[in-house]
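Below: one structure, written as structure tokens.
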């Protein structure tokens, strides 16, 4: 079960800088400090539908784990979300409309 949860979180650590970062993220998942990426995406999808195009998992200075998601929404809008990896709460968002990028 823990292995399956870790496999679901693998895309989230794709931007980790070294093996040590991967190990820390895996340990956080196994210790219950973070949710698997699949569960976070289920929660985010309810309020922010779109195609996930980038995911990062980072640890902030206060030791909180954060998923940073980039979503492409219908009509071409790009939205960036900062999500608490512990409970899936969206902490912040930024969006950019396709037409605004051209100007």
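Residue numbers (our numbering): 3 to 105.
The C-beta atom is built at its ideal place from N, Cα and C for all residues, glycine as well.
By the criterion of at least three beta-carbon pairs nearer than 8 Å, the stretch 27 to 37 is not in contact with the stretch 46 to 58. Take the alpha-carbon of residue 64 and the one of residue 84: they are about 15 Å apart. Your pair residue 94 and residue 45 does not check out as a contact, with CB atoms roughly 15 Å apart and the cut at 8 Å. Between the alpha carbons of residue 79 and residue 47 lies a distance of about 15 Å. For residue 38, the number of other beta carbons within 10 angstroms of its own is at least 16, and it is reported as buried. Annotation: the continuous beta strand (DSSP E) that includes residue 53 extends over 53 to 61.
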